[in-house]
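Engineer: My questions will all concern the structure given below.
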Amino acid sequence: MPNVEEDRRELARLQEDWMDAMQRRDAERLEELVAPEFVFTAIHIDPEPMSREAWMGAAMGGYTISSFYYDEMDVVVARDTAVVHSRYSQIASYNGRNLSSMFRLTDVWSRREDVWQVVARHSSILA
1 MPNVEEDRRE
11 LARLQEDWMD
21 AMQRRDAERL
31 EELVAPEFVF
41 TAIHIDPEPM
51 SREAWMGAAM
61 GGYTISSFYY
71 DEMDVVVARD
81 TAVVHSRYSQ
91 IASYNGRNLS
101 SMFRLTDVWS
111 RREDVWQVVA
121 RHSSILA
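First residue of the sequence shown? That's 1 in the UniProt record's numbering, and the numbers climb one at a time after it.
Okay, structure coming up:
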């Protein structure tokens with residue numbers, strides 16, 4: 001049976017790994033971390049949810065992260081599902097549009113065959 005504390009530590013590490021892979025535009029690592037059914041919701045960018053394909057296109061295209069950090073993170077694990085609530089800051093842009101800000105994020109992860117993948121993210125801008 002999985003250890004919840006170990007899962008929490010692993011998921012906190014995976015959150016950092018995910019954003020690091022985005023910053024480096026590491027498509028191979030993003031393919032591993034982001035589930036096929038992933039959906040991204042950010043009302044401040046677009047009222048419609050973004051598919052994995054569209055999100056990956058943005059991540060590999062015009063989205064540039066200069067720096068990022070999490071200054072708050074709460075990981076809730078329920079068997080093979082986890083919800084990560086965090087406060088995240090970034091210095092970033094997308095095709096020249098400034099996206100530097102602080103955000104409240106809610107990420108949903110699913111464990112499949114002992115591997116965690118993110119299946120959803122909701123992002124709300126704070127400042």
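Backbone N, C-alpha and C define an ideal beta-carbon position, used for all residues, glycine too.
(1) Taking DSSP's pairing of strands, which residues face Q90 in a bridge?
(2) Helix, strand or coil, according to DSSP, for D74 in the structure here?
(3) With Y70 and R87 assumed to form a contact (beta carbons below 8 Å), what rounded beta-carbon distance in angstroms separates them?
(4) What does M56 pair with, by DSSP beta-bridge criteria?
(5) Of the residues L11, V4 and E5, which one's Cα is nearest the Cα of W116?
(6) Tell me which same chain residues have a C-beta within less than 7 Å of the C-beta of D7, skipping the five on either side of it?
(7) Tell whether a beta-carbon distance below 8 Å holds between L105 and S123.
(8) Starting from the Cα of M102, find the closest Cα among A42, N3 and E32 and give me that residue.
Structural biologist: In terms of the structure at hand:
(1) Answer is F68 and S101, bridged to Q90.
(2) When secondary structure is reduced to three states using DSSP, D74 falls in the strand class.
(3) That belief holds up - the Cβ atoms of Y70 and R87 are roughly 7 Å apart, short of 8 Å.
(4) Residue pairing from DSSP leaves M56 without any beta-bridge partner.
(5) Answer by Cα proximity: L11.
(6) If we look at D7 and ignore the five residues flanking it on each side, its Cβ neighbours are V77 and A82.
(7) A contact, by the Cβ cut-off of 8 Å.
(8) Per the Cα distances, A42.
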